[in-house]
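Trainee: Position one of the sequence shown corresponds to residue 1 (the UniProt record's numbering), numbered consecutively onward. Got a structure here, written out as structure tokens. Questions coming.
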Amino acid sequence: MEDIFSRTRMLLGDAALERLRKSRVAVFGVGGVGGYVVEVLARSGVGAIDVFDNDRVSPSNINRQIIALHSTLGQYKVDVAAARIRDINPECIVTVHRMFYLPETADEVDLSVYDYVVDCIDTVTAKIELIRRCHRQDIPLLVCMGAANKMDPTAFRVSDLAKTKVDPLAKVIRRKLRPEGIRHVKVVYSEEIPMKPQFFETSDSNESLNSPKKNIPASNAFVPAAEGLVAGGEVVKELMVES
Numbered sequence: 001m002e003d004i005f006s007r008t009r010m011l012l013g014d015a016a017l018e019r020l021r022k023s024r025v026a027v028f029g030v031g032g033v034g035g036y037v038v039e040v041l042a043r044s045g046v047g048a049i050d051v052f053d054n055d056r057v058s059p060s061n062i063n064r065q066i067i068a069l070h071s072t073l074g075q076y077k078v079d080v081a082a083a084r085i086r087d088i089n090p091e092c093i094v095t096v097h098r099m100f101y102l103p104e105t106a107d108e109v110d111l112s113v114y115d116y117v118v119d120c121i122d123t124v125t126a127k128i129e130l131i132r133r134c135h136r137q138d139i140p141l142l143v144c145m146g147a148a149n150k151m152d153p154t155a156f157r158v159s160d161l162a163k164t165k166v167d168p169l170a171k172v173i174r175r176k177l178r179p180e181g182i183r184h185v186k187v188v189y190s191e192e193i194p195m196k197p198q199f200f201e202t203s204d205s206n207e208s209l210n211s212p213k214k215n216i217p218a219s220n221a222f223v224p225a226a227e228g229l230v231a232g233g234e235v236v237k238e239l240m241v242e243s
């Protein structure tokens, strides 16, 4: 009988779909990359998805974020993502967390309840804190590196943080984690050398390199999407394998 997962079942089989249905995944950051991760998880039949973000949809998001539409402007991204997940798979258990994951808020989150964690956060200190805590608790984690200032959607690779090259964000995180002895982290990263934007805008928000005022990175419709699809697919492939 045809249902929303019939084509997936043809490829993966019942057992794999059942493992996905019983899985709970947390996605931290539901912007350009994270929104597409959530899309993959929902359309693949993951049974429980938690979304973490405290940002609202703005006009500048529309060029690349799947949840960003004129009809969703001003809404919390997690609320829009949750509505989309439920519209795709009404049986999915969606939990919304209106929060920015940071070292000072990390204690509010019990990571042990998740079968997999996906990091799509922009803030370096937050990424490191999430990596650190997942490492301590032996929780499967996939970390998404930079997608800004790039034009090649085919340059993304799934690798170990220790083996990454070119990506400046990966280099920073690798250096900061080295004193803690954390070397092996699964990441999605691009081997494309970042471009220099044609011009710069500035922001006072606490993002990326954790600067109080920084240049806003440039982006397009297809590179963040490609990273999110690669990341989401990697999580699905790992979850569906019997442990």
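Don't be surprised by glycine CBs; every beta carbon is placed ideally from N, CA and C.
Please report the straight-line C-alpha distance between L11 and G32, rounded to a whole angstrom.
Mentor: Taking the first residue of the sequence shown as 1, we reach residue 11 at position 11. Taking the first residue of the sequence shown as 1, we reach residue 32 at position 32. L11 and G32: Cα-Cα distance of roughly 28 angstroms.
Trainee: Please state the DSSP three-state secondary structure of I182.
Mentor: Position 182 of the sequence shown, counted from the start, is the residue given in the question as residue 182. In this structure, I182 counts as coil in the three-state DSSP scheme.
Trainee: How many whole angstroms separate the CB atoms of L20 and S44, which I take to be in contact at a CB cut-off of 8 angstroms?
Mentor: Position 20 of the sequence shown, counted from the start, is the residue given in the question as residue 20. Position 44 of the sequence shown, counted from the start, is the residue given in the question as residue 44. L20 to S44, Cβ: 6 angstroms. Contact.
Trainee: Could you have a look at Y114 and say whether DSSP puts it in helix, strand or coil?
Mentor: Your numbering for residue 114 matches position 114 in the sequence shown. Looking at Y114 - three-state DSSP - the assignment turns out to be coil, as it is neither helix nor strand.
Trainee: What does the Cβ neighbour count give for F200, buried or exposed, with the cut at 16 atoms within 10 Å?
Mentor: The residue given as residue 200 occupies position 200 in the sequence shown. Result: exposed.
Trainee: Tell me where the beta strand (DSSP E) around L229 begins and ends.
Mentor: Position 229 of the sequence shown, counted from the start, is the residue given in the question as residue 229. L229: not part of any beta strand (DSSP E); member of the alpha helix (DSSP H) spanning V223 to L239, first to last residue.
Trainee: Tell me the rounded alpha-carbon separation between P212 and S6.
Mentor: If you number the sequence shown from 1, residue 212 lands on position 212. If you number the sequence shown from 1, residue 6 lands on position 6. Since pLDDT at P212 reaches only 38, below the 50 mark, its modelled position is unreliable, and no value is offered.
Trainee: Are there 16 or more other CB atoms within 10 angstroms of the CB of G35, so buried, or fewer, so exposed?
Mentor: Residue numbering aside, residue 35 sits at position 35 when the sequence shown is read from its first letter. By the 10 Å Cβ count, G35 comes out buried.
Trainee: Can you tell me whether R133 is buried or exposed? The criterion is at least 16 other CB atoms within 10 Å of its CB, across all chains shown.
Mentor: Translated into the one-based positions of the sequence shown, residue 133 becomes position 133. The residue in question, R133, is buried, as its Cβ has 16 or more Cβ neighbours within 10 Å.
Trainee: Could you name the residues of the same chain whose beta carbon sits closer than 7 angstroms to that of F222, not counting the 5 residues immediately before and after it, in chain order?
Mentor: As a working mapping, residue 222 is identified with position 222 in the sequence shown. Excluding positions up to five away in sequence, the list reads P153.
Trainee: Apart from the five residues on each side of it in sequence, which residues of its chain come closer than 8 angstroms, Cβ to Cβ, to E129?
Mentor: Here residue 129 corresponds to residue number 129 of the sequence shown, with the count starting at 1. Closer than 8 angstroms at Cβ, skipping near neighbours: Y101, L102, P103 and A106.
Trainee: With H, G and I counted as helix, E and B as strand and the rest as coil, what does DSSP make of I93?
Mentor: Along the sequence shown, read from residue 1 onward, the residue named residue 93 stands at position 93. Reduced to three states, the DSSP call for I93 is strand.
Trainee: Give the range of the alpha helix (DSSP H) segment to which D138 is assigned.
Mentor: If you number the sequence shown from 1, residue 138 lands on position 138. No alpha helix (DSSP H) contains D138, which DSSP labels as neither H nor E.
Trainee: Is G13 near the ligand GTP, in the sense that its beta carbon is under 7 angstroms from a heavy atom of that ligand?
Mentor: Within the structure as shown, the ligand GTP is missing, as the structure has no ligands at all.
Trainee: Let's see if you can read the secondary structure: which residues bound the beta strand (DSSP E) around D160?
Mentor: Here residue 160 refers to the residue found at position 160 of the sequence shown. Unbroken beta strand (DSSP E) run through D160: F156 to D160.
Trainee: Taking the continuous alpha helix (DSSP H) assigned at R7, which residues delimit it?
Mentor: By one-based count along the sequence shown, residue 7 stands at place 7. Per DSSP, the unbroken alpha helix (DSSP H) holding R7 starts and ends at S6 to L12.
Trainee: Please list the terminal residues of the continuous beta strand (DSSP E) segment that includes V87.
Mentor: For the purposes of this step, residue 87 is taken as residue 87 along the sequence shown, with counting starting at 1. Looking at the sequence shown, residue 87 is not Val but Asp. Counting along the chain, D87 sits inside no beta strand (DSSP E); it lies in the alpha helix (DSSP H) bounded by residues K77 to I88.
Trainee: Can you tell me whether Y36 is helix, strand or coil according to DSSP?
Mentor: Taking the sequence shown and counting its residues from 1, one reaches residue 36 at position 36. Note: Y36 maps to helix in three-state DSSP.
Trainee: When you compare each of V96, V40, D122 and K165 to A147 by their alpha carbons, which one comes out closest?
Mentor: As a working mapping, residue 147 is identified with position 147 in the sequence shown. Here the closest residue by C-alpha is D122.
Trainee: Please classify V241 as buried or exposed, where buried requires at least 16 neighbouring CB atoms within 10 angstroms.
Mentor: Position 241 of the sequence shown, counted from the start, is the residue given in the question as residue 241. Classification for V241: exposed.
Trainee: Could you compute how far the alpha carbon of N54 sits from the alpha carbon of V27?
Mentor: Start at 1 with the first residue of the sequence shown, and residue 54 comes out as number 54. Start at 1 with the first residue of the sequence shown, and residue 27 comes out as number 27. Computed Cα separation, rounded: 13 angstroms.
Trainee: Let me confirm a value: D87 is counted as buried when at least 16 other C-beta atoms fall within 10 Å, else exposed. Which label applies?
Mentor: The residue you call residue 87 lines up with position 87 of the sequence shown. Its Cβ having fewer than 16 others within 10 Å, D87 is exposed.
Trainee: When the distance is taken between beta carbons, is I85 closer than 8 angstroms to V30?
Mentor: Position 30 of the sequence shown, counting from 1, holds the residue named residue 30. Position 85 of the sequence shown, counting from 1, holds the residue named residue 85. It is not a contact, given that the beta carbons lie outside the stated cut-off.
Trainee: Please go through the same chain and pick out, in chain order, the residues whose beta-carbon is closer than 6 angstroms to the beta-carbon of S208, but skip the five residues on each side of it.
Mentor: Counted from its first residue, the sequence shown places residue 208 at position 208. Low confidence applies to S208: its pLDDT is 38, below 50, so where it sits in the model is not reliable, and the reading given next is rough at best. The residues are D122.
Trainee: Could you please give me the residues that DSSP links to C144 through a beta bridge?
Mentor: Stepping through the sequence shown from its first residue, residue 144 is reached at position 144. C144 pairs with V188.
Trainee: Under 8 angstroms between the Cβ atoms of N89 and I193?
Mentor: The residue given as residue 89 occupies position 89 in the sequence shown. The residue given as residue 193 occupies position 193 in the sequence shown. No, they are not a contact pair.
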